[in-house]
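Structure record follows, encoded as structure tokens.
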């Protein structure tokens, strides 16, 4: 305790300021997401609920909660969260188990837990819980992380939550597995064990694909979408991308969102962005995400301790994997996985926990070495 007190006094005296660039990028992406969501969802909202702003209002409410969480967490000392790493991980296991039993089903997927009039996806909480837990576990392992035994132990801790989430949400399970792989990779100087871990990850995904026939069907649809009725959404999304040209039809000018692209405000919103803002707008959005990922990397490199560096690296992995998967799905580069575009797609739970993650990154950045 006597050694910790001078250290805490030093941190308080030499505390830096939160990453302004990261904060500005998050604000721009959040505002852009709200604007595009309203443009994309107005027609569906009016047809289904006689309210063009139905989806926008719900997203705005969730965004407000997320911003409040971001500001609150950014002023916290992230090192205090070490005490919550294990409880958060255990809670994510409990919530993911409850989804299988009493989960709310929507569009054939059981991913939501209902709390009165509100519902949320435990898989979104699981992403943050896994980042905190693995950051704590890797730091606790110390130099033992160099041993193959420690790497296997960490992966074994990761498998239960991946298995529970993957039962009804394979795409999120892949993201969580990717976060775990990245955190172990950046904390270990050895490369050979990752060949084994990569093969194990591919095998895990292959097993989950074979458990449900509809997952194998998605691969067939991906290869020949024109031959399947369920390939309709993919084809319409590609039509939207192609019709946008270089500069697009203008904000609000999309035709494909008028019932041609089902649930355009969700997974396929990137195709509407391409149609309305063109290739130029899509590239600008991708550039914004690249800048965001770059800031996470800078924060991780300058973090005060390993725990903070791994938190920033984990958030970087989450955002980069999810953006890559969503754009790859919309452009039919990979089979449809049902993953949202961060900050832009409709989803209250997603945007709320994303902004909370940004608060974590800002907390780490405010305590980096000056």
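Residue numbers (this note's numbering): 469 to 838. Glycine included, C-beta positions come from ideal geometry on N, C-alpha and C.
### Message
Could you pull the DSSP bridge partners for residue 586 from this structure?
### Response
In the chain shown, residue 586 corresponds to position 118, counting from 1. Partner residues in the beta bridge of residue 586, as assigned by DSSP, are 583.
### Task
Rank 538, 490, 807 by C-alpha distance to the C-alpha of residue 827 and give the top, closest one.
Here residue 827 refers to the residue found at position 359 when the chain shown is read from its first residue. Considering only alpha carbons, the answer is 538.
### Task
Using three-state DSSP, classify residue 595 as helix, strand or coil.
As a first step, residue 595 is located in the chain shown; it is residue number 127 there, counting from the start. Residue 595: helix per DSSP, three-state reduction.
### Message
Suppose the cutoff is 8 Å on Cβ atoms and the five residues either side in sequence are ignored; what does the same chain contact list for residue 568 look like?
### Response
Stepping through the chain shown from its first residue, residue 568 is reached at position 100. The answer, listed in chain order, is 578, 632, 635, 636.
### Query
CB residue 709 to CB residue 803, shorter than 7 Å?
The residue given as residue 709 occupies position 241 in the chain shown. The residue given as residue 803 occupies position 335 in the chain shown. Judged by their CB atoms, residue 709 and residue 803 are not nearer to each other than the 7 Å cut-off.
### Task
Go ahead and label residue 514 buried or exposed: buried means 16 or more other beta carbons lie within 10 angstroms of its beta carbon, across all protein chains shown.
Translated into the one-based positions of the chain shown, residue 514 becomes position 46. It is exposed - the Cβ of residue 514 has fewer than 16 other Cβ atoms within 10 Å.
### Query
Quick one, which of 654, 820, 645 has its alpha-carbon nearest residue 667's?
For the purposes of this step, residue 667 is taken as residue 199 along the chain shown, with counting starting at 1. Answer by Cα proximity: 645.
### Query
Which of the three DSSP states, helix, strand or coil, is assigned to residue 698?
Numbered from its first residue, the chain shown carries residue 698 at position 230. Looking at residue 698 - three-state DSSP - the assignment turns out to be helix.
### Query
How would you call residue 582, buried or exposed, if buried means at least 16 neighbouring beta carbons within 10 angstroms?
The residue labelled residue 582 in the question sits at position 114 within the chain shown. With fewer than 16 Cβ atoms within 10 Å of its Cβ, residue 582 is classed as exposed.
### Query
Roughly how many angstroms separate the alpha carbons of residue 469 and residue 734, rounded to a whole number?
On the chain shown, residue 469 is found 1 positions in, with the first residue counted as 1. On the chain shown, residue 734 is found 266 positions in, with the first residue counted as 1. Caution applies to residue 469, whose pLDDT of 46 falls short of 50 and renders its modelled position unreliable; the value that the coordinates give is listed next. The C-alpha of residue 469 lies about 50 Å from the C-alpha of residue 734.
### Query
Do residue 507 and residue 720 have their CB atoms nearer than 7 Å?
For the purposes of this step, residue 507 is identified with residue 39 of the chain shown, where counting begins at 1. For the purposes of this step, residue 720 is identified with residue 252 of the chain shown, where counting begins at 1. It is a contact, given that the beta carbons lie within the stated cut-off.
### Query
How big is the Cα-Cα spacing for residue 813 and residue 505?
Residue 813 sits at position 345 when you count from the first residue of the chain shown. Residue 505 sits at position 37 when you count from the first residue of the chain shown. Using only the alpha carbons, I get a separation of about 7 Å.
### Message
By alpha-carbon positions, which one of 605, 502, 531 ends up nearest to residue 817?
### Response
Walking along the chain shown from the start, residue 817 turns up at place 349. Looking at the Cα atoms, 531 is the closest of the given residues.
### Query
Since residue 815 contacts residue 647 with CB under 8 Å, what's their CB separation in whole angstroms?
Within the chain shown, the letter at position 347 stands for residue 815. Within the chain shown, the letter at position 179 stands for residue 647. So it is not a contact: roughly 19 Å between Cβ atoms.
### Query
If residue 490 and residue 833 are in contact, beta carbons under 8 Å, what's the gap, nearest whole angstrom?
Within the chain shown, numbered from 1, the residue matching residue 490 stands at position 22. Within the chain shown, numbered from 1, the residue matching residue 833 stands at position 365. Indeed they touch by this definition, with Cβ atoms about 7 Å apart.
### Message
Taking the straight line between their C-alpha atoms, what separation do you get for residue 748 and residue 716?
### Response
Against the chain shown, residue 748 aligns to sequence position 280. Against the chain shown, residue 716 aligns to sequence position 248. Cα-Cα distance, rounded: 8 Å.
### Query
If you draw a straight line from the alpha carbon of residue 759 to that of residue 542, how long is it in whole angstroms?
The residue given as residue 759 occupies position 291 in the chain shown. The residue given as residue 542 occupies position 74 in the chain shown. Their backbone Cα atoms lie some 20 Å apart in a straight line.
### Query
Can you check whether the CB of residue 738 is closer than 7 Å to the CB of residue 795?
Looking up residue 795 in the chain shown gives position 327. Looking up residue 738 in the chain shown gives position 270. Yes.
### Task
Look at the alpha carbon of residue 696 and the alpha carbon of residue 702, and state the distance between them as a whole number of angstroms.
Mapped onto the chain shown, residue 696 falls at position 228. Mapped onto the chain shown, residue 702 falls at position 234. If you take the alpha carbons of residue 696 and residue 702, they lie about 10 Å apart.
### Task
Taking the CB atoms as reference points, tell me whether residue 689 and residue 652 lie closer together than 7 Å.
By 1-based counting over the chain shown, the position of residue 689 is 221. By 1-based counting over the chain shown, the position of residue 652 is 184. No, they are not a contact pair.
### Task
Note the first and the last residue of the continuous alpha helix (DSSP H) segment covering residue 646.
Taking the chain shown and counting its residues from 1, one reaches residue 646 at position 178. First-last of the alpha helix (DSSP H) with residue 646: 638 to 655.
### Which listed residue (605, 718, 656) has its alpha carbon closest to that of residue 614
Looking up residue 614 in the chain shown gives position 146. Here the closest residue by C-alpha is 656.
### Message
With H, G and I counted as helix, E and B as strand and the rest as coil, what does DSSP make of residue 525?
### Response
The residue given as residue 525 occupies position 57 in the chain shown. Residue state, collapsed to three classes: helix.
### Query
So, residue 825 versus residue 642, is the Cβ gap smaller than 7 Å?
Taking the chain shown and counting its residues from 1, the one referred to as residue 825 is at position 357. Taking the chain shown and counting its residues from 1, the one referred to as residue 642 is at position 174. Against a cut-off of 7 Å, the Cβ pair of residue 642 and residue 825 comes out as no contact.
### Query
Helix, strand or coil: which one does DSSP assign to residue 578?
Here residue 578 refers to the residue found at position 110 of the chain shown. Strand at residue 578.
### Message
Tell me which residues share the same chain as residue 798 and place their Cβ nearer than 7 Å to its Cβ, disregarding the 5 neighbours each side in the sequence.
### Response
Walking along the chain shown from the start, residue 798 turns up at place 330. So the qualifying residues of the chain are 705, 736, 738, 739.
### Task
On a CA-only basis, which of 572, 786, 762 is nearest residue 487? Give me that one, please.
Position 19 of the chain shown, counted from the first residue, corresponds to residue 487. Across the set 572, 786, 762, the C-alpha of 762 shows the shortest separation from the C-alpha of residue 487.
### Query
If you compare alpha carbons, which of 685, 787, 764 is closest to residue 776?
Taking the chain shown and counting its residues from 1, the one referred to as residue 776 is at position 308. For the set 685, 787, 764, the Cα lying nearest the Cα of residue 776 is the one of 764.
### Query
For residue 527, which residues of its own chain have a beta-carbon under 7 Å away from its beta-carbon, when the five flanking residues on both sides are left out?
As a working mapping, residue 527 is identified with position 59 in the chain shown. The beta carbon of residue 527 sits closer than 7 Å to those of 502, 505, 814, 816, 819, all from its chain and outside the five residues before and after it, given in chain order.
#### Entry: Straight-line gap, residue 590 to residue 580 (C-alpha atoms, nearest Å)
In the chain shown, residue 590 corresponds to position 122, counting from 1. In the chain shown, residue 580 corresponds to position 112, counting from 1. For residue 590 and residue 580, the distance between alpha carbons rounds to 7 Å.
### Task
Put residue 725 into one of helix, strand or coil per three-state DSSP.
Your numbering for residue 725 matches position 257 in the chain shown. It is coil, neither helix nor strand.
### Option nearest residue 629 by Cα separation, candidates 617, 604, 592
Here residue 629 refers to the residue found at position 161 of the chain shown. Closest by alpha carbon: 592.
#### Entry: Inter-residue spacing [alpha-carbon to alpha-carbon] between residue 698 and residue 785
Position 230 of the chain shown, counting from 1, holds the residue named residue 698. Position 317 of the chain shown, counting from 1, holds the residue named residue 785. If you take the alpha carbons of residue 698 and residue 785, they lie about 31 Å apart.
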